[in-house]
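Chemist:
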Amino acid sequence: MPDLLLTNTLASYGTLVLLVATALILAILAYARIPDSLSRPLARYGLLAAFFVTTLASAVTLYYSEVLGQAPCSLCWLQRVFLYPQAFLFGIAYLKSDARITVYTTALSIVGALIALYHHAIQLGASAPVPCAATGPSCTEVLFLTWGFVSFPFMAFALFLFLIVFSVLLETLWRKFPPARVV
424 MPDLLLTNTL
434 ASYGTLVLLV
444 ATALILAILA
454 YARIPDSLSR
464 PLARYGLLAA
474 FFVTTLASAV
484 TLYYSEVLGQ
494 APCSLCWLQR
504 VFLYPQAFLF
514 GIAYLKSDAR
524 ITVYTTALSI
534 VGALIALYHH
544 AIQLGASAPV
554 PCAATGPSCT
564 EVLFLTWGFV
574 SFPFMAFALF
584 LFLIVFSVLL
594 ETLWRKFPPA
604 RVV
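Here the numbering used here is used: the first residue of the sequence shown is 424, the next is one more, and so on.
(1) In whole angstroms, what separates the C-alpha of Tyr436 from that of Leu582?
(2) Give the straight-line distance between the Cα atoms of Val565 and Ala453, rounded to the nearest whole angstrom.
(3) Using C-beta distances below 6 Å, list every residue in its chain close to Tyr487, excluding the 5 sequence neighbours before and after it, in chain order.
(4) By DSSP's criteria, Thr569 is part of a beta bridge. Which residues make up the other side?
(5) By a C-beta neighbour count over all protein chains shown, 10 Å radius and 16 as the cutoff for buried, is Pro601 buried or exposed?
(6) Can you look up Cys499 in the DSSP assignment and give me helix, strand or coil?
(7) Count the other CB atoms, across all protein chains shown, that sit within 10 Å of the CB of Ala482; report buried if there are 16 or more and exposed otherwise.
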């Protein structure tokens, strides 16, 4: 039987990595000029990196539900709806060097982030103006809470926030280094 505690710990550390990466990207966008030696590969392989991040995140959600038996609630499913397509979109965009994709993935990430933030708030005790579905797991049940703030919805929020900020970074880099066609 896979270890749920180990998986929660690894996922929580992954969330911290996303938060640190998001903060670094925001600092770079606000205060720094990125050297060309870093800008060029980021512009070229950014879509590939986003593909790997979204694919890994999708795999982790499926691992939790299908292997560890943690059934997702209705709000978790909604968050998945806004995550899963992004893996395909980023992958295809990388192969076709389609810089327009960030418009669509950012829209998906904004909606996903809002749902995740709402979900996290009601798990922490905020009143829920829209009740959770009567069937399936409760949206207010906290299955784990690492360090007092990392839960499933917070992980999703951190991921969506990262994807939004990373997309802004890519848009900024592509002004100077347009993505080259791979296929």
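For every residue, glycine included, the Cβ atom is placed at its ideal position computed from N, Cα and C.
Modeler: Inspection of the coordinates gives the following:
(1) As a first step, residue 436 is located in the sequence shown; it is residue number 13 there, counting from the start. As a first step, residue 582 is located in the sequence shown; it is residue number 159 there, counting from the start. If you take the alpha carbons of Tyr436 and Leu582, they lie about 12 Å apart.
(2) Position 142 of the sequence shown, counting from 1, holds the residue named residue 565. Position 30 of the sequence shown, counting from 1, holds the residue named residue 453. Roughly 35 Å between the two C-alpha positions.
(3) Residue mapping note: residue 487 aligns to position 64 of the sequence shown, counting from 1. Hits under 6 Å: Gln493.
(4) Within the sequence shown, the letter at position 146 stands for residue 569. According to DSSP, Thr569 bridges with Val573.
(5) Sequence index remark: in the sequence shown, residue 601 carries index 178 (1-based). By the neighbour-count rule (16 or more Cβ atoms within 10 Å), Pro601 is not buried but exposed.
(6) Residue numbering aside, residue 499 sits at position 76 when the sequence shown is read from its first letter. If DSSP states are grouped into helix, strand and coil, Cys499 belongs with the helices.
(7) The sequence position of residue 482 within the sequence shown is 59, counting from 1. Its Cβ having fewer than 16 others within 10 Å, Ala482 is exposed.
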